[in-house]
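For the sequence shown, the positions run 5 to 153 when the numbering used here is used.
Right, one structure below, let's go through it.
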Amino acid sequence: MMKKTILALTLLASGMAVSLPALSDESNPAIVHRQGIYQIAGGHMTAIKSILFLGFDAPQDVTFHAQSILDAFAHMGNSYPPGSDQGETKAKPEIWQNFDKVKELAKNTREAAGKLVEVSKSGDKEASMVAFKQLGGTCKACHDDFRKK
5 MMKKTILALT
15 LLASGMAVSL
25 PALSDESNPA
35 IVHRQGIYQI
45 AGGHMTAIKS
55 ILFLGFDAPQ
65 DVTFHAQSIL
75 DAFAHMGNSY
85 PPGSDQGETK
95 AKPEIWQNFD
105 KVKELAKNTR
115 EAAGKLVEVS
125 KSGDKEASMV
135 AFKQLGGTCK
145 ACHDDFRKK
């Protein structure tokens, strides 16, 4: 009985050791929200890359992934409220000082994602590759100025 109690307490303590740091990382819900959106977009970018550049045979899925990126970015509008630079974030403070530029860059990204959606529907792999690179370039433009290394 004692061994089972010790084992249960050990498992409970190890579970708390894992979950407490995770909770501290989630102290600012706006940061958690936008990081979730970026993770979704990044996952779909990786999936598209695997199809267009790495040879994964699923060309019919490019439009789905591109549309998912576009849909995810449609929810970014409220993800940078004042104070959401407080907490674990890679967002530079310059975002809130140059928010008009950030909005313009975000608009460019949504437009590039929309273009990839439309181009991918044609099934033209080369055109999709170009549109994918353009989308990646719009992401990079924002990261260069507003994301911590």
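Where a beta carbon is used, it is the ideal one built from N, C-alpha and C, also for glycine.
These numbers come from a predicted model, not from an experiment.
Could you check whether H69 and I41 sit closer than 8 Å to each other, using their CB atoms as the reference points?
On the sequence shown, position 37 is the one that residue 41 refers to. On the sequence shown, position 65 is the one that residue 69 refers to. Not in contact: I41 and H69 (Cβ atoms no closer than 8 Å).
In angstroms, rounded to a whole number, what distance separates the CA positions of E122 and V66?
For the purposes of this step, residue 122 is taken as the residue at position 118 of the sequence shown. For the purposes of this step, residue 66 is taken as the residue at position 62 of the sequence shown. When rounded, the distance between both Cα atoms is 10 Å.
Taking only the alpha-carbon atoms, compute the straight-line gap between K53 and V36 and give it to the nearest angstrom.
Looking up residue 53 in the sequence shown gives position 49. Looking up residue 36 in the sequence shown gives position 32. About 25 Å.
Here's the rule: buried if 16 or more other CB atoms are within 10 angstroms of the residue's CB, otherwise exposed. What is A45?
What you label residue 45 is simply residue 41 of the sequence shown in a count that begins at 1. Answer is buried; the Cβ neighbour count reaches 16.
In terms of residue numbering, what span does the alpha helix (DSSP H) encompassing S54 cover?
Here residue 54 refers to the residue found at position 50 when the sequence shown is read from its first residue. Taken as a continuous stretch (DSSP letters only), the alpha helix (DSSP H) holding S54 covers 33 to 56.
Pairwise C-alpha distance: Q43 and S132:
The residue you call residue 132 lines up with position 128 of the sequence shown. The residue you call residue 43 lines up with position 39 of the sequence shown. Whole-angstrom Cα-Cα distance: 22 Å.
Any contact between the stretch 47 to 64 and the stretch 100 to 113? By contact I mean 3 or more CB pairs, one from each, below 8 Å.
no
Going by DSSP, name the residue or residues bridged to R151.
For the purposes of this step, residue 151 is taken as the residue at position 147 of the sequence shown. R151 pairs with A95.
Using the C-alpha atoms, what's the distance from K125 back to D85?
Walking along the sequence shown from the start, residue 85 turns up at place 81. Walking along the sequence shown from the start, residue 125 turns up at place 121. One detail in the question is off: residue 85 reads as Pro in this sequence, not Asp. Their backbone Cα atoms lie some 35 Å apart in a straight line.
Can you tell which of H48, N102, D89 has the C-alpha that lies nearest to the C-alpha of S31?
Position 27 of the sequence shown, counting from 1, holds the residue named residue 31. Checked all of H48, N102, D89; the closest Cα to S31 is D89.
Proximity below 8 Å, CB of K96 to CB of R151:
Within the sequence shown, residue 96 is the residue found at index 92, counting from 1. Within the sequence shown, residue 151 is the residue found at index 147, counting from 1. Yes. Within cutoff.
What first and last residue would you give for the alpha helix (DSSP H) that runs through H79?
Within the sequence shown, residue 79 is the residue found at index 75, counting from 1. Counting along the chain, H79 falls outside any alpha helix (DSSP H), and DSSP gives it neither H nor E.
Relative to the alpha-carbon of F77, which residue among K153, A116, K129 has its alpha-carbon at the smallest distance?
Stepping through the sequence shown from its first residue, residue 77 is reached at position 73. F77 has its Cα closest to that of A116, out of K153, A116, K129.
Quick check: the Cα distance between D75 and C143, rounded to an integer number of angstroms?
The residue given as residue 75 occupies position 71 in the sequence shown. The residue given as residue 143 occupies position 139 in the sequence shown. If you take the alpha carbons of D75 and C143, they lie about 15 Å apart.
What residue range is occupied by the uninterrupted alpha helix (DSSP H) comprising F103?
As a position in the sequence shown, residue 103 is number 99, starting the count at 1. 103 to 125 is the extent of the alpha helix (DSSP H) around F103.
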